[in-house]
Each structure stands twice: as C-alpha cells, then as structure tokens.
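Chains as they are written, first to last, in this note's numbering: chain A, 1 to 284; chain B, 1001 to 1284; chain C, 2001 to 2284; chain D, 3001 to 3284. Report on one structure; see the data block that follows.
Number of protein chains: 4
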Amino acid sequence: MQTIITAVGPDNRGLADPIIHYVTGHGANISEIQMYDHDEESLFAMLCRVDLPAAEYAALQQAMFEIGRQKGLSIRVWSPDERGARPRLAICCTHRTETPLALLRAIRDGQIRAEAAVMIGNRPSCRALAEQFDVAWRMVGNDEGIPDEELLTAVCDEQQVDYIVLARYMRVLPPATCWKFAGGRIINLHHGLLPSFPGIRPYHDAHANRMLTFGATCHFIVPELDAGNQIINQSTFTVPPGMKLDDIIRLGQEDNEPRCLVEGVRRVVAREVQLHFHRVVARR
Amino acid sequence: MQTIITAVGPDNRGLADPIIHYVTGHGANISEIQMYDHDEESLFAMLCRVDLPAAEYAALQQAMFEIGRQKGLSIRVWSPDERGARPRLAICCTHRTETPLALLRAIRDGQIRAEAAVMIGNRPSCRALAEQFDVAWRMVGNDEGIPDEELLTAVCDEQQVDYIVLARYMRVLPPATCWKFAGGRIINLHHGLLPSFPGIRPYHDAHANRMLTFGATCHFIVPELDAGNQIINQSTFTVPPGMKLDDIIRLGQEDNEPRCLVEGVRRVVAREVQLHFHRVVARR
Amino acid sequence: MQTIITAVGPDNRGLADPIIHYVTGHGANISEIQMYDHDEESLFAMLCRVDLPAAEYAALQQAMFEIGRQKGLSIRVWSPDERGARPRLAICCTHRTETPLALLRAIRDGQIRAEAAVMIGNRPSCRALAEQFDVAWRMVGNDEGIPDEELLTAVCDEQQVDYIVLARYMRVLPPATCWKFAGGRIINLHHGLLPSFPGIRPYHDAHANRMLTFGATCHFIVPELDAGNQIINQSTFTVPPGMKLDDIIRLGQEDNEPRCLVEGVRRVVAREVQLHFHRVVARR
Amino acid sequence: MQTIITAVGPDNRGLADPIIHYVTGHGANISEIQMYDHDEESLFAMLCRVDLPAAEYAALQQAMFEIGRQKGLSIRVWSPDERGARPRLAICCTHRTETPLALLRAIRDGQIRAEAAVMIGNRPSCRALAEQFDVAWRMVGNDEGIPDEELLTAVCDEQQVDYIVLARYMRVLPPATCWKFAGGRIINLHHGLLPSFPGIRPYHDAHANRMLTFGATCHFIVPELDAGNQIINQSTFTVPPGMKLDDIIRLGQEDNEPRCLVEGVRRVVAREVQLHFHRVVARR
C-alpha cells in the first residue's frame, strides 16, 4: 500500500531519525525520501514514500501521531488508496467563479469521480457557489483577504481532504503548507503557459509579446522546484491578429481555464498520472 | 496605390537622398521610412512605403531602376496591389515535405488564392513534389546545402515573386536578402512557439521543460527585430503526460505545422493582415 | 553639422512629407530616418538625422518651427554640436539621492564637462540636493508622485536641455516624451544588469537566482526596442555566498550605481559614444 | 563526523533500505537524504548525509562496501573531514590551459591548500602542463575526445580524490557520475554568468545582447537542478562600447576565468562554503 508520510518542523535535529527508524523497522519498503531545509524560514521538511502491508497502515498512522506529539512535529500519513474510489477535494478560490464552478459541475456530472468536501475562500466571492452546490464553505481570509494558514490546514485535516485544488486561488501557499500536503496532493491552475509565462499577469505578458497563443497550466505544487516541471495538463487557444486583450482574457477565463483545470483534476483523481520524484508520470 | 521601395547598398552615403527626393518630388505621400545600418556587414538598407497615384507606378519603377543602375544599389519597387488578385509565391524548402505539400494542396484547392510560381530548394529532397504539382523547381544549394543567395534572389526577381514562403527551409536568410524583400514579403514557419522557443530544436526544448503544449509559429521575417513581434498565426496541440518525444514531433510535423503555415499564408495572401511599422495588424 | 529633427503627432498623415521635403530641398544629406506608429496610442513619431551646412542650421530651426505651428506637430531640432563644449543636463530623480549627488559632484569636479541646467523631481526628496549645489529645481509630480509630462517637457525645452538623465527616476517616460528627445538624448540608469534583469526589483531577482554578481546598467532610452541593445556602461560587483540582500542593495545603491551612471554620462557628454541606428557605437 | 554516502543503481528496489537500515541502526544521525529516479535512464541514486561518531567511520565504509558488492550497487562513503587539512583534487581539462594552469600555480603557492592528485583530460592538450607541475596525467578520451566515464570514475576512486574540478572540461558529466560524487564534490567553471547565459557560447550570447559585462561562474554540479542555484563564486569584467568580441574573449579566458575558478576552489577547499540541501551556504 503506497503511503506518504510528511513531516514539518523547525529544524532537522532528530526529525528524520524516529520516522525512518520506525518505517524501516516495520517492514516498509522505502520508495522515496526527500528532505528540505528552508534555511531562511528555519523550516525543515521531509517526504517519505513507502510501500506498506495494508494491515500496517493504521499502526503507522498511530505511531507517527505519537512521534509528532512527542517531538512537536507536524506529521501526516496519507495514502492515495485510502479513499481511492472517491477522494475528497478542498476547492480553494478567491474572486473568480468560472473554475470552481466548472469543477463542481464536473463532480456533479460524474466526470470527476470525487467528493467536493469543502470550499475554502480567502474572499467571500464564491460563497454563493458553495451554497448552490451544497458544499461546506469555510472563509479563511481577513478583511484584506490575507488567509489564516493554520485554519486552512486545519480545515483540510478535519475534512480528511485528499487533494487541495487551487482554482484561481490568488494566494501563494507558504512552504510549510506545501510540505504538509506534499507528494502530489496540491493541484494549482495557472492562467498562463508554464514555464514561459509564470507571472501574475500571464495574459498581458503573452499579449505584450504579440503572441496569438494563450493557455493555462494545471500543475502539482512542489516547493522549491520549477513548477514548469510538474505539469498535469495544459490547454491553449489561438486568436487572430488584432483581437483585443479584454476579449482574449474573457475567452481564457470563461472557456480555456475551466477546461484545463477540470481535465487536470480528472487525471489526478482517476490516477492516470502521479508525482514520482518531482515529476509527473503516466501510471503504467 | 500602396507601394514599397527597398534599397540595399554598401553604405548610406547618397543612398536615401535620390530615392526620397524622387518620391517627394512626384506627388507620393510617405507612409513609412525605415533605415538600417548593419555596421558589422557594411550593409545599408532602406524601406520606403508610399502612397502613389496608380498612374505614377510604372514611372516610379523606371526611375528607381535608373537610380539603382547609376548608384550601384539594389533597388526594388513592389506593390501588393500589382498582382493582388493572385499573388505569386516562391516556396523555399529543404528536406521536410509536409509543409510545402500542404501549401501546394491549399493552392490547388483554392484555399489559398495564389500562384505557386516556383519552388526553391537548398537540397534536392522536395524536387519530386515540385514535379508532381507541375511547379518550376530551382536548386540553389551546393553539395553541403549552402545556398547561393544571389541565385535565390535572382530567381525570385525573374519569377516576379510577391511573397517568399519559408516552408521548413532550414537556412537563415542573410540581412541583405531580407531587406531586398522587406515590407512583409517573407513568411517563415518556425516549428515552435515564439518567442518562448526560438531555437533550432523547439520540440526538444519544450519537452525538456516538461511542457504538454507544443506549437508552431508563422511570422513575417523582419531583420534585427524580435521575430516574436511579427506573428501571423500560431497553432498548438497538447499531449497527455508520458507521450514520447518522437510521437510528439511526428504529430507536430505532419499535422500542426502544415495547418499553421497554410492558415498564415492564407491570411497574408487574402490581405487580412499586413505588416505596419514592424507589427502585424489586421486590416480594417 | 549633424542635426537631429524629431516630430511627434497624432497620426502620419502629412507629417513626414513637409519635413523631408524641406531638408531634401535645402542641401541636407539624410543620414537616418526612423518612423514609428504607436497604433495603441495613436501617436506618430519620426526621427530624421541629417548632415547640414552649419549656416543652414538656424534657418532649419525656423522652418521646422513653422511647420510644427502650421501642422500642429511637436517638432524639435537639435545638434550635439550646438553646445558640444558644455552640454546642458536635466537630472531627473525621485527618492534616492546617491546617483544625482554623484552626478552633481562629477560635474562640479570637472569629471563630467557639462552644465547641470535643472533638477526635475516627481517627489520632493532631492530638492535639498539641488539647493546645496545651487541648481534650479522643478517639481513635476503631484501628491501621488504622478508627473506632469507636459511640464517635464516644457522645462527641458525652456532650459535648452541637451541630455535628460534619469538618475533613479522611478517613472516610465511615455513614448511621446521619448520621441521628442530621441536620437540619444535620454540616459537612464537601471539598477540591474540588462537584459537579464529588467524588472523593478533587479536586486531581488538576481538574489532569488542565487547570483553572487550584481550590477547596474546605463543606457539610452529608445522606445519600442530592447533597452539591452543601447547600453552605454555597465558596472558590477560580486559578493561572497551568504551576504544578506539588504547589505547587497546598500553596496549597489551607494557605490555601484553612482559609479555606473557617472561614467555613462561622461561617455555621452565627452561624445565617446553615440547612438547610431538604435545602436551604441564608439566614435572613431 | 559529517559523512556522505552515495549509492547508484539501476532502480530503487531495495537500494535505500539496507543503507538506511544500517545507518539508523548504528547511531548515525541522518542530516539529509535525497533520492532521484532518472526514469529515462533507469538510473536510481541516493545521497545520504549523516553525523557519525568518528570511530564508526571505517566500519561504515566496510559495511557499505559489502552492501554494494551484494546488491550490485555503486556505493561511496566520503567525509570532508577525512583529508580535510589537504584534500586531493582531480583537475579535468580539455583544450584550454589557462584555468588548470592557474589552479596548479595556486596550489603550488599555497593559495589553495590542496593536493593536485591527478589531471584528467579527454584531449591530450594539457598533458605537458601536468608534466611541468609533476602531476599524474590520465587520458580518458578517445580520438573524438569522447571520454570513458568508467575510467574517469575509476581514476578518481583509485586516486582517493576528494573534489573533481572541471577546468574548462568541455564534456557534460552523465548523471551517474554526478551522483557517485554528489554532495558538493564536483566543481565546475562555466565561462559565462549563470543563470543568464547557460549555453556553450556565453561570450557570444552576451555580446549578441550588446552587453558590456562579461563574467564567469564557479558552481557545484547538482544533477537535475538549475545550476544557477549552486554558485560558489562569480567574477566579471566590463568593457567599453566597441570592443571586438575576440578581445573580450581573450580577456575572459586569460584573466577572468582563472581568477574565478581559483577563488571558487579555494572557498570549497578552505570549507568557507558547503552544499546544504542543494544550496551553497557559508559555514558559520
């Protein structure tokens, strides 16, 4: 049973040892270990992917919970197999409703076989959408839209979220949050083609380059590595010379972005793709 | 009558004056003048776009011919109106046959309202194609495929070519040739998305960036300026994660590139777009 | 006598003709003509560089003034020879005082043989500096620091400014202003290495790339063309691994930027370099 | 005692477990683990950095040697402390002699406190240099200069090399070789500023961008990650407008590149910097 353990703490003293000691001591095969040390933020993180007899899973969770409690670490155990038939999604959004709406419809229509566990906003704009589809709504932003990262994490934990989908959620997740849900659990939609147009105004940038092609990119978020390398899906559209930027943006937001994100989330939920050593690979 | 005069010579001493003097002296309105001095190559070039009473056109041609002869300059006079109903194309190619074949078919089927005046190769690979479509074939390359630029220019002149189409012609036109046919008469197909992937192996570059989007760009060639700014048409295709590069390249070469070039040439020939101060603009 | 004529108007109808007609009709040799049509802003601009008998200069100025008045165009005639021995500078600044201070000292000490004709600010921060060096001070910004472009242009005209130096002036000059003083009269300091770090936070960008080299670039401003191509001077400094960004920025602002700008302005004022067809060339 | 274990094998089945099992079972503290799976090349690699009682070091080496033998893995154990006072260098070169010469002189003069254990060439050009400084010379290239990677690795092993210095060695080390000596043991000189000019002709690229600044970069080689992030030292020089490219290249090769590499190697050998989770950090 493929299992992913993530651990986040203030430094690497004694963080890795007890976890690795336990898994190697309980017949787990180590498939992948990644460690990161964000010196600037004195944040230490580890991802450990193991193969485990299913019977050991519950015990592992309990043991990791214990280690976390004793060592003051934030440890999570997750397996894509646990709710594989119908994974639970947290849909994070800000102002724009097109992409969350497309996700909710695709879930309703069975195109995406998942549960919309919760919608999380740093702005109230999408609340009505959550109510319309009868999905729990949690507001995590203050008056300036600055999100409470602790709360966002807590909501995902309490809702037993498998995948966090950033549907034009216009805030950057801090490294700590990225690491807590590392291993291919955070899916982002970028409204431009990566890696060419990574900025916050990709339509404007491509237009300023006189391009006639515009696109969107759905990718896993992997802290510290070029996001362009974790692309799950891209979709594009081309326009004739002379089309106004406003019209281009409208085409992108209303048609191309939703299409791009829905197909990307579908691929992950259907487990057609997975993150394998920082790379998106098609499952054999 | 919109008329474009191009002049190329070894330096700018006395090049501009007689030409400008003539046009301003014969009731032409100057719409655009661009001059370039390629210091490294001691090449001086001028583009002069004027509006002219149609009756003056023949006299202008004669006068420019005279100036060129006297001053030892390479001067050309051209108007998109001259053969506007059915412009003459030179199709330049090297090894790959997909894009020239697509052009010849589109011309045959009336999708592109133009005359395939001549096919020019720096390699013999496309000769059979020219014969199949009964188009004059001219070989300009030596055994290493190095083209004789004088010959290429002479062929375009003698064939009264309106537009030169580089259909996967894998040689760079020297600035002198570009200037002789400046003003939106040279159309290139680049087998990648510009400006992101300008290199000679754009499929490999995009793939190395783990992109799932691949594209082609049809653009006017404008010496000394970023080719990304003269885009006539772009077309793209996206692939699922894990597709092999060879399969991607095949899709691009056999389907996407021909489609991109045919539509680009159609837009120019149909005069839906034109080059206006280094920019591609849609004609009102 | 090398003379530069610039003309700016709302469109190209009849702008070029009278000017070119006059100069070709009065024994001027045309060295360079560039025209631009900023479709988005319905702004048309022309640069015309001619060689003229010195005796014709005053008459040309008068004639161009007349044409401008009649046609409602903004026309300027300027020659680097006019005040070649001691050109007049407008020093534009915003908040930072290091680079304007360095310029004023270099002028006082004779390192830069020029006249500090006026200091122009969109913020009041550098006013004391102007008073200290007894240089006329003109405030062109409103409470938000938004400059009155008409006023800025008027000040440069009335002060008979030869060169406009942007000494960490943190506003972008609009194309119209750039064209009014085209031909190598606007000198900018960018606080990063061009073309690699063109953004507004080049120190942060280079640092984020883990670079140990930081630099500044002094360049002519040429609208619509890659500023990286008009570099007059660059200077750099390198730091050991681990140096804090704040310390790096301090080194750059207090030492490297002033050095870079002073040497760049010196080269222009001493006419060691000139702008020649959009390129900076060393004068023979 | 800081100790680095690297293991390279055909896949990840059972590679990590025995190594990690041993180190966790013998009182080693795990400081860092990185794993990579080069799917394209079916190459699996692991880096494990541990803190170890010095007394355990020999036993660890023996145990890892055993595991390697049994599992058919290529395993190495290395500690910067082992020969910390006077580490042994392999200097790899191709044609250019400036940078290897500068290294040999700096070692002879005590500026770099290290042993020139061996010089390795894929071309014979630097052989005389090795003889002049009485350093062992090993030729690893065939007639086309293609290196025998097995031989290169074997030479570094038999010579007990601590650091491999690529002194204008114009071949790319394959991932397997990089991983065998991972953890900050491979130092490269790139003859351009990274990350801006990563290509094989960085002088030409910077010159084509009309830059007046040229530089060199000394960096650790870390497979799969942007080399720009592992910069040990950069040095630059600026030139006046108009300097010929050949003169610029000469300045770079004869003066700037040697200076850059010597200081970079000095920093590593003196342990002023170290590689810490893919980043170069200054040691406290």
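A virtual CB, placed ideally from N, CA and C, is assigned to each residue, including glycine.
(request) Measure the alpha-carbon distance for tyrosine 3036(D) versus glutamine 34(A) and round it to whole angstroms. (result) The residue you call residue 3036(D) lines up with position 36 of the fourth sequence. The residue you call residue 34(A) lines up with position 34 of the first sequence. Our two residues, tyrosine 3036(D) and glutamine 34(A), have alpha carbons roughly 9 angstroms apart in a direct line.
(message) Under DSSP, the alpha helix (DSSP H) around valine 3265(D) begins and ends at which residues?
(response) If you number the fourth sequence from 1, residue 3265(D) lands on position 265. From DSSP, the alpha helix (DSSP H) with valine 3265(D) extends over 3257–3269.
(request) Could you have a look at tyrosine 57(A) and say whether DSSP puts it in helix, strand or coil? (result) The residue labelled residue 57(A) in the question sits at position 57 within the first sequence. Under the three-state reduction of DSSP output, tyrosine 57(A) falls in the helix class.
(request) Alpha carbon to alpha carbon, how far is tyrosine 3203(D) from isoleucine 1004(B)? Give it in angstroms, no decimals. (result) Sequence index remark: in the second sequence, residue 1004(B) carries index 4 (1-based). Sequence index remark: in the fourth sequence, residue 3203(D) carries index 203 (1-based). Isoleucine 1004(B) and tyrosine 3203(D): Cα-Cα distance of roughly 38 angstroms.
(request) Check whether the segment 3109–3119 of chain D touches the segment 3264–3272 of chain D, taking contact to mean three or more Cβ pairs, one atom from each stretch, closer than 8 angstroms. (result) As far as the Cβ criterion goes, the segment 3109–3119 of chain D touches the segment 3264–3272 of chain D, which means the pair count is three or higher.
(message) Can you list, in chain order, the residues of its chain with a C-beta nearer than 8 angstroms to that of asparagine 3256(D)? Leave out the 5 residues immediately preceding and following it.
(response) Position 256 of the fourth sequence, counted from the start, is the residue given in the question as residue 3256(D). Counting only Cβ-Cβ distances below 8 angstroms, and skipping sequence neighbours, we find Phe3214, Gly3215, Ala3216, Ser3235, Thr3236 and Phe3237.
(request) Under 8 angstroms by Cβ, that's how I've got asparagine 229(A) and histidine 278(A) pegged, so tell me the actual separation to the nearest angstrom. (result) On the first sequence, residue 229(A) is found 229 positions in, with the first residue counted as 1. On the first sequence, residue 278(A) is found 278 positions in, with the first residue counted as 1. Their Cβ separation, rounded to whole angstroms, is 7 angstroms, which keeps asparagine 229(A) and histidine 278(A) in contact under 8 angstroms.
(message) Beta carbons nearer than 7 angstroms to chain A: which residues of the segment 1172–1204 of chain B have them?
(response) Within the segment 1172–1204 of chain B, the residues whose Cβ lies closer than 7 angstroms to some Cβ of chain A are Leu1193, Pro1195 and Ser1196, listed in chain order.
(request) Using the Cα positions of valine 165(A) and isoleucine 187(A), report the straight-line distance between them to the nearest angstrom. (result) As a first step, residue 165(A) must be located in the first sequence, where it is residue number 165. As a first step, residue 187(A) must be located in the first sequence, where it is residue number 187. Valine 165(A) and isoleucine 187(A) have their C-alpha atoms some 5 angstroms from each other.
(request) Tell me where the beta strand (DSSP E) around alanine 2116(C) begins and ends. (result) Here the question's residue 2116(C) lines up with position 116 in the third sequence. For alanine 2116(C), the uninterrupted beta strand (DSSP E) segment begins and ends at 2115–2121.
(request) Flag histidine 2207(C) as yes if its beta-carbon sits less than 9 angstroms from any beta-carbon of chain B, otherwise no. (result) Here residue 2207(C) refers to the residue found at position 207 when the third sequence is read from its first residue. Contact of histidine 2207(C) with chain B is not assigned, every C-beta pair being separated by 9 angstroms or more.
(request) Identify, in the order they occur along the chain, each residue of the same chain with its Cβ nearer than 8 angstroms to the Cβ of leucine 3337(D), setting aside the five sequence neighbours on each side. (result) Residue 3337(D) is absent from the model: chain D starts at 3001 and stops at 3284.
(request) Measuring only between beta-carbons, confirm whether arginine 266(A) sits less than 9 angstroms from chain B. (result) Start at 1 with the first residue of the first sequence, and residue 266(A) comes out as number 266. Residue-level contact by beta carbon fails for arginine 266(A) and chain B, as no gap is shorter than 9 angstroms.
(request) Report the three-state DSSP secondary structure of valine 1222(B) (helix, strand or coil). (result) As a first step, residue 1222(B) is located in the second sequence; it is residue number 222 there, counting from the start. Judged by DSSP in its simplified three-state form, valine 1222(B) adopts coil rather than helix or strand.
(request) Assign valine 3008(D) to buried or exposed, taking buried as 16 or more other Cβ atoms, counted over all protein chains shown, within 10 Å of its Cβ. (result) By 1-based counting over the fourth sequence, the position of residue 3008(D) is 8. Valine 3008(D) sits buried, since 16 or more C-beta atoms from the chains shown fall within 10 Å of its C-beta.
(request) Go ahead and pull the three-state DSSP assignment for arginine 1069(B). (result) Stepping through the second sequence from its first residue, residue 1069(B) is reached at position 69. Arginine 1069(B) falls in the helix class under three-state DSSP.
(message) I'd like to know if isoleucine 2249(C) contacts chain D, where contact means its C-beta is closer than 9 angstroms to some C-beta of that chain.
(response) The residue given as residue 2249(C) occupies position 249 in the third sequence. Judged by the 9 angstroms Cβ criterion, isoleucine 2249(C) is not in contact with chain D.
(message) Please report whether the beta-carbon of arginine 2279(C) lies at a distance below 9 angstroms from any beta-carbon of chain D.
(response) Residue numbering aside, residue 2279(C) sits at position 279 when the third sequence is read from its first letter. By this cut-off, arginine 2279(C) is an interface position.
(request) Assuming valine 1077(B) contacts glutamine 1061(B) (C-beta within less than 8 angstroms), just tell me the rounded distance between them. (result) Reading the second sequence from its first residue, position 77 is the one you call residue 1077(B). Reading the second sequence from its first residue, position 61 is the one you call residue 1061(B). With a Cβ gap of about 5 angstroms, valine 1077(B) and glutamine 1061(B) count as contacting.
(message) Please identify, using Cβ separations under 7 angstroms, the residues of the segment 6–33 of chain A that lie next to chain D, in order along the chain.
(response) From the segment 6–33 of chain A, only Asn12, Ala16, Asp17, Ile20, His21, Thr24, Asn29, Ile30, Ser31, Glu32 and Ile33 have a Cβ closer than 7 angstroms to chain D.
(message) Taking the alpha carbon of methionine 2119(C) as the reference point, which residue from Arg2138(C), Glu2149(C), Ala2028(C) and Val2281(C) has its own alpha carbon closest?
(response) Taking the third sequence and counting its residues from 1, one reaches residue 2119(C) at position 119. That would be Arg2138(C), whose Cα lies nearest to the Cα of methionine 2119(C).
(request) Determine, using beta carbons only, whether arginine 123(A) and threonine 97(A) come nearer to each other than 9 angstroms. (result) Working through the first sequence from its first residue, we reach residue 123(A) at position 123. Working through the first sequence from its first residue, we reach residue 97(A) at position 97. Contact flag unset, no.
(message) Just to confirm, is the Cβ distance from methionine 3046(D) to isoleucine 3067(D) under 9 angstroms?
(response) Numbered from 1 along the fourth sequence, position 46 holds the residue referred to as residue 3046(D). Numbered from 1 along the fourth sequence, position 67 holds the residue referred to as residue 3067(D). No; because the gap between Cβ atoms is not below 9 angstroms, this pair is not in contact.
(request) Please determine if the segment 2132–2149 of chain C and the segment 2237–2256 of chain C are in contact, where contact requires at least 3 C-beta pairs separated by less than 8 angstroms. (result) Touching, no, given that fewer than three Cβ pairs across the two stretches are closer than 8 angstroms.
(message) Within 10 Å of its beta-carbon, does glycine 1184(B) have 16 or more other beta-carbons around it, so buried, or fewer, so exposed?
(response) One-based indexing of the second sequence puts residue 1184(B) at position 184. Buried, by the Cβ-count rule.
(request) Can you say whether alanine 2085(C) is buried or exposed, counting buried as having 16 or more other CB atoms within 10 angstroms of its CB? (result) Within the third sequence, numbered from 1, the residue matching residue 2085(C) stands at position 85. Only exposed fits alanine 2085(C), as fewer than 16 other CB atoms lie within 10 angstroms of its CB.
(message) Please state the DSSP three-state secondary structure of histidine 3026(D).
(response) As a first step, residue 3026(D) is located in the fourth sequence; it is residue number 26 there, counting from the start. Histidine 3026(D) falls in the coil class under three-state DSSP.
(message) If we require 3 or more residues per run, which beta strand (DSSP E) segments fall completely within the segment 3126–3177 of chain D?
(response) With a minimum length of 3 residues, the unbroken runs of beta strand (DSSP E) contained wholly in the segment 3126–3177 of chain D fall at 3137–3139 and 3163–3166.
(message) At the level of alpha carbons, what is the spacing between threonine 2006(C) and arginine 1013(B)?
(response) By one-based count along the third sequence, residue 2006(C) stands at place 6. By one-based count along the second sequence, residue 1013(B) stands at place 13. Distance between the alpha carbons of threonine 2006(C) and arginine 1013(B) is about 21 angstroms.
(message) Going by DSSP in three states, glycine 14(A) sits in which element: helix, strand or coil?
(response) Position 14 of the first sequence, counted from the start, is the residue given in the question as residue 14(A). Glycine 14(A): coil per DSSP, three-state reduction.
(message) Looking at chain A, is there any beta carbon in it that lies within less than 9 angstroms of the beta carbon of methionine 1064(B)?
(response) Locating residue 1064(B) in the second sequence gives position 64, counting from the first residue. Output row for methionine 1064(B): interface = no.
(request) With a threshold of 16 other CB atoms inside 10 Å of the CB of serine 3031(D), please say whether the residue is buried or exposed. (result) Numbered from 1 along the fourth sequence, position 31 holds the residue referred to as residue 3031(D). With 16 or more other Cβ atoms inside 10 Å of its own Cβ, serine 3031(D) counts as buried.
(message) Suppose you measure from the CA of glutamine 1274(B) to the CA of leucine 2015(C); what does that come to, to the nearest Å?
(response) Residue mapping note: residue 1274(B) aligns to position 274 of the second sequence, counting from 1. Residue mapping note: residue 2015(C) aligns to position 15 of the third sequence, counting from 1. Between the alpha carbons of glutamine 1274(B) and leucine 2015(C) lies a gap of roughly 22 angstroms.
(request) Give the DSSP-derived three-state secondary structure of asparagine 2209(C) in the structure shown. (result) In the third sequence, counting from the first residue as 1, residue 2209(C) sits at position 209. Of the three classes helix, strand and coil, the one that applies to asparagine 2209(C) here is coil, per DSSP.
(message) Using the three-state DSSP reduction, which class does histidine 276(A) fall into: helix, strand or coil?
(response) Here residue 276(A) corresponds to residue number 276 of the first sequence, with the count starting at 1. If DSSP states are grouped into helix, strand and coil, histidine 276(A) belongs with the strands.
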